[in-house]
Each structure stands twice: as C-alpha cells, then as structure tokens.
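In this note's numbering, the protein residues as written are 2 to 99. Built from N, CA and C at the ideal position, the CB exists for glycine as well. A quick write-up on the structure given underneath.
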Amino acid sequence: MALIGAYKNVPCKLPADIAEELATTAKKLVENGKGILAADESTQTIKKRFDNIKIENTIEHRAAYRDLLFGAKGIGKFISGAILFEETLFQKMKQEHH
C-alpha cells in the first residue's frame with residue numbers, strides 16, 4: 002500500500018493498484034503541452050465577466066459561454082482536464098463538436 006498522508010476523511014493508505022492508477026491519471030493531466038482548464042466560475046464570478054460585456058447573467062447565457070469554451074476546435078490538443086462549477090455538470094452542449 003502507498004502512503005498518501007493524514008488528510009481528514011481520507012484513508013492513510015491506498016491499495017497499490019489504486020495508487021498506480023491515481024499516479025497515471027495525474028501524469029496524464031500534466032503531460033507536455035497540456036494543462037487543466039479552470040472553468041469553475043460561480044454564477045457571481047461569471048456575472049462580473051458578463052457585466053463587463055453587457056450580457057445578462059442567465060443560465061442560457063452561461064451554458065452558451067461554456068459551450069463555446071469547451072467546444073473550441075482542437076481543445077483536446079491543449080487541455081487534459083477541467084475544473085467545473087457544479088451547474089456545468091448538468092448542462093448539455095448545444096453544438097455538435099468533432
């Protein structure tokens with residue numbers, strides 16, 4: 002078993018296969034030329050962005066913004082993962098992306 006530290010509510014040891022899977026995932030997230038997209042703006046934070054460009058802060062506009070962001074052509078070449086705001090987990094993309 003691999004030691005992972007003494008964090009609250011987290012086991013102090015992981016089975017070797019789980020630790021190996023976790024290490025493999027972490028390496029993929031930071032591979033050369035790629036990064037993690039922080040797209041976890043709360044509704045209040047995104048409101049500030051929208052206010053600057055005079056767009057009303059509605060769920061439809063937030064969904065369209067995220068659709069544009071995550072649907073950018075070739076995004077997979079540069080992004081290995083994303084940090085999301087909870088609202089995003091339940092939205093469906095409107096555009097078909099390839």
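Alpha-carbon spacing of residue i relative to residue j, whole angstroms
i: Leu38; j: Phe79; result: 9 angstroms
i: Thr44; j: Glu22; result: 34 angstroms
i: Gly72; j: Ile60; result: 18 angstroms
i: Ala17; j: Ala24; result: 10 angstroms
i: Lys93; j: Ala27; result: 27 angstroms
i: Leu69; j: Ala20; result: 35 angstroms
i: Ala65; j: Arg50; result: 14 angstroms
Residue j beta carbon less than 8 angstroms from that of residue i
i: Ile56; j: His62; result: yes
i: Phe86; j: Glu42; result: yes
i: Lys48; j: Asn33; result: no
i: Glu84; j: Ala40; result: Per the sequence shown, the amino acid found at residue 84 is Ile instead of Glu. Cβ atoms of Ile84 and Ala40: closer than 8 angstroms.
i: Arg67; j: Thr89; result: yes
Cβ-Cβ separation, residue j to residue i (assumed contact under 8 angstroms), whole Å
i: Lys29; j: Ser81; result: 6 angstroms
Contact test: residue i Cβ vs the ligand SAM heavy atom, cutoff 7 angstroms
i: Ala40; result: In terms of ligand content, the structure shown is empty, and the ligand SAM therefore cannot be addressed.
Inset, instruction - Go through the stretch 26-89 residue by residue and report every complete run of the beta strand (DSSP E) that reaches 3 residues or more, in order. - result: 36-40, 80-85
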